[in-house]
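Numbering (this note's numbering), first residue to last: 120 to 599.
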């Protein structure tokens with residue numbers, strides 16, 4: 120039988136409005152709601168709002184979910200949707216269309232107000248994978264009556280209504296994993312494939328030794344955990360009828376909707392089931408990597424030794440979820456001069472004959488740097504800032520130019536054998552060339568890949584990089 124930890128308790132919920140408003144509702148406990156925008160001429164999106172009430176809550180019996188309810192009223196076009204977002208990702212969105220006769224009666228003497236009879240909403244979103252504390256953005260949208268038919272972006276007016284700050288406990292299980300995650304967080308064309316190849320030479324680090332080292336089995340199971348424990352969503356996820364006909368995907372449990380089940384089963388789904396599914400995922404990760412170690416003739420029989428499974432990770436809530444389930448995890452951010460990274464991305468696209476890395480989504484190289492590359496670099500910096508004392512930063516340039524001290528520092532951080540013989544063995548075994556490496560390379564040598572931006576980037580793009588990438592470049596120790 121799998122032990123279930125003690126029920127965690129949410130530490131606090133704080134809701135702060137982004138609008139000039141005065142509170143009209145005071146929920147019990149430590150939740151603060153802000154509402155009621157003054158009536159004005161709707162010359163701006165903010166001034167269109169007449170009033171709102173936002174009430175967040177977490178049920179102790181379902182500690183991995185947060186419930187948000189309330190109402191929103193605007194002049195002119197009614198608010199159509201409300202969404203909770205974390206770092207640009209929508210955690211849950213719902214329509215603002217539930218009956219609200221009490222609100223309609225308050226605005227009965229204002230004929231210019233429409234939609235007051237159906238302006239309530241309710242939504243529930245998962246807390247799995249969110250850091251603590253976490254700031255969540257609450258955004259509303261409504262149809263733009265002045266939208267230009269040639270500009271689809273103007274069809275909707277969006278507004279940040281409030282920031283919801285939560286402190287919540289991590290998801291933890293009673294399972295003791297044999298392998299700990301070695302999370303390699305990086306961007307494309309930063310040397311991550313070579314770095315994984317180098318890591319794989321250490322006997323206590325298990326990776327799937329297949330170029331380009333992108334088997335991400337642990338992330339698959341953690342994503343499964345997040346998806347299968349999401350609150351029911353009959354519109355965007357699994358419906359309550361017909362799901363058995365679809366062999367391609369399964370989503371949130373449609374039979375766990377709020378108010379649908381008695382307290383006992385609802386509590387089991389909201390707590391015990393989450394922990395048990397998390398335990399299954401940890402067991403599955405251990406089982407896979409134990410089999411992989413055996414297949415690759417890596418002796419992992421000594422259970423007293425610290426052992427890692429290493430994967431390339433995409434920056435997402437799954438990284439934080441891994442830290443929650445594996446408190447002894449290690450995370451390495453591999454960073455490269457973003458100007459060299461741009462050169463490598465553009466050269467690799469040209470070599471393969473098609474655009475990728477987000478270049479296909481924009482028109483010019485300047486737009487690529489200003490939009491996509493800045494977003495990538497900023498996300499990497501913000502990830503480091505989330506756990507600055509726990510994440511080890513390795514610069515590509517240091518790995519190439521000073522491999523011994525860089526690897527010594529890295530292996531010490533991992534609490535692995537880091538003597539000169541081990542480092543020499545790793546370097547020797549990682550040497551060699553192959554068609555895969557030749558196809559992957561865009562420089563004549565690793566030495567010429569450093570500082571290539573001075574020759575490869577036109578002057579205008581160099582200036583643009585210095586202007587828009589100054590913060591992440593300097594934060595990671597690169598000169599402008």
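Ideal placement from N, C-alpha and C gives every residue a C-beta, glycine not left out.
Where the beta strand (DSSP E) through residue i begins and ends
i: residue 254; result: 253-262
i: residue 244; result: 239-245
i: residue 170; result: 168-176
i: residue 213; result: 208-214
i: residue 432; result: 426-432
i: residue 457; result: Where residue 457 is concerned, there is no enclosing beta strand (DSSP E), although the alpha helix (DSSP H) it sits in stretches over 457-471.
i: residue 281; result: 275-286
i: residue 533; result: Taken as a continuous stretch (DSSP letters only), residue 533 belongs to no beta strand (DSSP E), as it is neither H nor E.
i: residue 449; result: 449-454
i: residue 546; result: First-last for residue 546: 539-549, but that is the alpha helix (DSSP H), not the beta strand (DSSP E).
i: residue 300; result: 298-305
Beta-carbon gap between residue i and residue j smaller than 8 Å
i: residue 426; j: residue 298; result: yes
i: residue 312; j: residue 339; result: no
i: residue 241; j: residue 210; result: no
i: residue 304; j: residue 438; result: yes
i: residue 380; j: residue 344; result: no
i: residue 519; j: residue 566; result: yes
i: residue 194; j: residue 237; result: no
i: residue 296; j: residue 445; result: yes
i: residue 227; j: residue 257; result: no
i: residue 382; j: residue 180; result: yes
i: residue 247; j: residue 348; result: yes
i: residue 595; j: residue 481; result: no
i: residue 253; j: residue 205; result: yes
i: residue 510; j: residue 450; result: yes
i: residue 443; j: residue 289; result: yes
i: residue 452; j: residue 526; result: no
i: residue 335; j: residue 467; result: no
i: residue 402; j: residue 294; result: yes
i: residue 618; j: residue 274; result: As shown, the chain starts at 120 and ends at 599. That puts residue 618 outside it, with no answer to give.
i: residue 455; j: residue 310; result: yes
i: residue 429; j: residue 318; result: yes
i: residue 353; j: residue 359; result: yes
i: residue 592; j: residue 583; result: no
i: residue 213; j: residue 260; result: no
i: residue 539; j: residue 316; result: no
Residue span of the alpha helix (DSSP H) that contains residue i, given as start and end
i: residue 584; result: 578-587
i: residue 392; result: 392-414
i: residue 516; result: 515-520
i: residue 495; result: 493-505
i: residue 423; result: Unbroken run through residue 423: none, as it is neither H nor E.
i: residue 224; result: 220-225
i: residue 554; result: 554-559
i: residue 575; result: 572-575
Test: residue i CB closer than 8 Å to a CB of chain C
i: residue 297; result: Structure shown: chain C not included; a single protein chain is present.
DSSP beta-bridge partners of residue i
i: residue 313; result: Looking at the DSSP assignment, residue 313 forms no beta bridge with any residue, so it has no partner.
i: residue 190; result: 172, 239
i: residue 201; result: 213, 259
i: residue 184; result: 245
i: residue 136; result: 281
i: residue 511; result: 451
Nearest to residue i (by Cα), restricted to the options the options
i: residue 221; options: 190, 251, 231; result: 190
i: residue 326; options: 302, 363, 180; result: 302
i: residue 351; options: 334, 369, 336; result: 369
i: residue 541; options: 254, 283, 529; result: 529
i: residue 229; options: 554, 556, 169; result: 169
i: residue 135; options: 182, 253, 284; result: 284
i: residue 375; options: 592, 364, 356, 500; result: 356
i: residue 415; options: 321, 522, 477; result: 321
i: residue 175; options: 263, 231, 286; result: 286
i: residue 604; options: 293, 485, 557; result: Any question about residue 604 goes unanswered here, given that the chain covers just 120 to 599.
i: residue 590; options: 538, 501, 536, 441; result: 501
i: residue 621; options: 208, 569, 314; result: Limits of the chain in this structure are 120 at one end and 599 at the other, which puts residue 621 out of reach.
i: residue 323; options: 408, 377, 547; result: 408
i: residue 586; options: 440, 490, 178, 432; result: 490
i: residue 534; options: 424, 259, 277; result: 424
Proximal residues to residue i (C-beta, below 7 Å), its chain only, five neighbours per side dropped
i: residue 571; result: 459, 462, 562
i: residue 160; result: Summary for residue 160: the model assigns pLDDT 43, below 50, so the residue's position carries little reliability; its value from the coordinates is reported in the next sentence. Taken in chain order, the residues that qualify are 166.
i: residue 411; result: 325, 327
i: residue 546; result: 522
i: residue 474; result: 468
Same chain, Cβ closer than 8 Å to residue i, five either side skipped, listed in chain order
i: residue 588; result: 457, 458, 488, 492, 493, 496
i: residue 192; result: 168, 169, 170, 171, 198, 222, 226, 232, 234, 235, 238
i: residue 580; result: 461, 484, 485, 488
i: residue 434; result: 304, 498, 499, 502
Cβ-based neighbour list, residue i, same chain, cut-off 6 Å, excluding 5 preceding and 5 following
i: residue 400; result: 340, 344
i: residue 447; result: 299
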